[in-house]
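Numbering (our numbering), first residue to last: -14 to 203.
Ideal Cβ positions, reconstructed from N, Cα and C, are used throughout, including at glycine.
Notes follow once the structure below has been shown.
Quick look at the structure:
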């Protein structure tokens, strides 16, 4: 992703301009996950007056440069042209995006922010200028990484998710990284309440017997 203020109205505004370049597998409407959160971040940058550029790294994306919601999107084959056009002062990529690691190294002299939003089987994070983790559990998953890091949960607007409490608890994945261990601990304290793991999480619960308890069934 690359973002640069479209107009600098004063020396102060000029000094605060930032031009990150974000490398994303896809860009567009997606149902869940980090792609949704990232799109929200980019919307905030556009609203703040920045020019935002994204280089998509997955195959099957539109082959032409396009603009959506104020974000300029470049196919992977245009990444060098995107870097030359946007002149980024920050490169941002997601860990686990197999096509992204080679690009930050070739944009010399530009800091690299690595977003580590999951517990990947690939634990080598390389040498980013800064690695960002959304939780301490995620940070602990990469003990070999000794570079600069930041643990900071993504911002959440309660008004967007506020609802009337009901009988169901929703988890986006039933693993420790998603908080299933916390739910299992609560279940242990409620032996008279039956909890049932739904179909979407059934395989994950079975693969983690440490979470099994007498009041949880599947």
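| Check | Outcome |
| --- | --- |
| In DSSP terms, what residue 60 is bridged to | 41 |
| Residue 12 classed as buried or exposed, judged by whether at least 16 other C-beta atoms fall within 10 angstroms | buried |
| The stretch 123 to 141 contacting the stretch 97 to 112, beta-carbon criterion three pairs below 8 Å | yes |
| Endpoints, alpha helix (DSSP H) assigned at residue 218 | As shown, the chain starts at -14 and ends at 203. That puts residue 218 outside it, with no answer to give. |
| Cβ separation of residue 118 and residue 101, assumed to be a contact under 8 Å, to the nearest whole Å | 5 Å |
| DSSP-derived helix/strand/coil call for residue 68 | helix |
| Buried versus exposed, by CB contacts within 10 Å (16 or more), residue 57 | buried |
| Beta-carbon spacing of residue 41, residue 10 below 9 Å | yes |
| Nearest residue (CA-CA) to residue 81, options 61, 19, 137 and 60 | 19 |
| Three-state secondary structure assigned by DSSP to residue 24 | helix |
| Proximity of residue 6 and residue 54 at Cβ, strictly below 9 Å | no |
| Inter-residue Cα distance where the pair is residue 50 and residue 173 | 53 Å |
| First through last residue of the alpha helix (DSSP H) which encompasses residue 137 | That residue, residue 137, is in no alpha helix (DSSP H); it is neither H nor E in DSSP. |
| Pairwise C-alpha distance: residue 70 and residue 27 | 18 Å |
| Backbone CA spacing between residue 90 and residue 64 [nearest angstrom] | 13 Å |
| First through last residue of the beta strand (DSSP E) which encompasses residue 116 | 115 to 118 |
| Opposing strand residues paired with residue 52 [DSSP bridges] | 57 |
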